[in-house]
Amino acid sequence: MRRRRIYEGKAKVLFEGPEPGTLVQYFKDDATAFNNQKQGVITGKGVLNNRISEYLMLRLSEIGVPTHFVRRLNMREQLVREVEIIPIEVVVRNVAAGSLAKRFRLEEGSALPRSIVEYYLKNDELGDPLVSEEHITAFGWANPQDIDDILQLSLRINDFLSGLFHGIGLRLVDFKLEYGRLWEEEQMRIVLADEISPDSCRLWDIETNEKLDKDRFRRDLGRVEEAYQEVARRLGVLPEAGPMDLKGPKVMQ
Ligand code: UDP
């Protein structure tokens, strides 16, 4: 079936959905880092992230977190509700790593006094700058009520996912969330959108501190495909078929 392409991002493509108000989210194997300066392919990533994100979104909706996820359609695609994306990346951190460790010269892996939530503007040209609530409300990207909802949801998601990953021997170091506005009968609701996967989380093995996330790609640590597979395996969502099948079908033009 030919579908209209609505948007193409770095790791995903959004197509028009089968009914109004829906979209099809297609997961690619492409990987980028450092604001597109590093590009590559992680074979099978799209298939695995589709499953991992499906699993996590379903578990979150079971505890009452509203999400855009409807259902998985096939190896690389999921049906989602069409939302108006709020142009803010919400980062939740439990352990110092990445840009936070660099900015404050903290040792990677050092515990934070409490979980820290940060907001970044989604803008590639500007390199996704860190922004404050003041910037967000003054420039109208979201209002104080939206920010309140987003903060409460993000902290709940962090508590829930930290426990879920702990149960499979992984430390949820930090992660990025995106939210969208969904209108239902004149009422607006903020719902979790995008994806939750090793592309958007830092996950370290609790025993060995081994990194099982996109940092393996960013920092050329090797065994990148294996890391994504290991996360899927521990979550119990690794497709039955062998690694050959992880290549899955090519994107339809
Ligand atoms: N992150 C993301 N997309 C981005 C930036 C960050 O998914 O555009 C995730 C990243 O994978 C990590 C967390 O957000 O889990 C915090 O990232 P950080 O600010 O440390 O930036 P990085 O070191 O990834 O540049």
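Heads up: the sequence shown at position 152 corresponds to 158 in the working numbering, and the numbers run straight through without jumps.
Beta carbons: idealized from backbone N, C-alpha and C, even for Gly.
**Report entry** Identity of the residues DSSP links to Lys217 by a beta bridge
**Finding:** Trp210
Requested in this report: Could you name the residues of the same chain whose beta carbon sits closer than 7 angstroms to that of Ser168, not counting the 5 residues immediately before and after it, in chain order?
Outcome: Asn100 and Leu178
Query raised in the report: From the DSSP output, which residues share a beta bridge with Lys182?
Result: Val97
**Report entry** As assigned by DSSP and simplified to three states, the class of Leu112
**Finding:** coil
Query raised in the report: Since Pro119 is in the beta strand (DSSP E), which residue starts that stretch and which ends it?
Result: Ala117 to Leu127
**Report entry** Beta-carbon contacts of Gln259 that lie in its chain and below 6 angstroms, excluding the five residues immediately before and after
**Finding:** Note that Gln259 has pLDDT 39, beneath the 50 cutoff, so the model's placement of it is unreliable and the number below is only indicative. Once the five neighbours on either side are set aside, Gln259 has no close Cβ partner at all.
Report task. Leaving aside the five residues before and after Glu139 along the sequence, list all residues of the same chain whose C-beta is less than 8 angstroms from its C-beta, in chain order. Result -> Tyr125, Pro150 and Ile153
Query raised in the report: Would a C-beta distance cut-off of 7 angstroms place Ser67 and Glu201 closer than the cut-off?
Result: no
Query raised in the report: Would the C-beta of Ser59 count as close to the ligand UDP, meaning under 6 angstroms from any of its heavy atoms?
Result: no
Requested in this report: Buried or exposed for Ile12, please, with buried defined as at least 16 other CB atoms from any protein chain shown within 10 angstroms of its CB.
Outcome: exposed
Query raised in the report: Which partner residues does Ile196 have in the DSSP bridge list?
Result: Arg187
Report task. To the nearest angstrom, report how far apart Lys34 and Glu88 are at their CA atoms. Result -> 19 angstroms
Requested in this report: Tell me Thr38's beta-bridge partners as DSSP assigns them.
Outcome: Gln45
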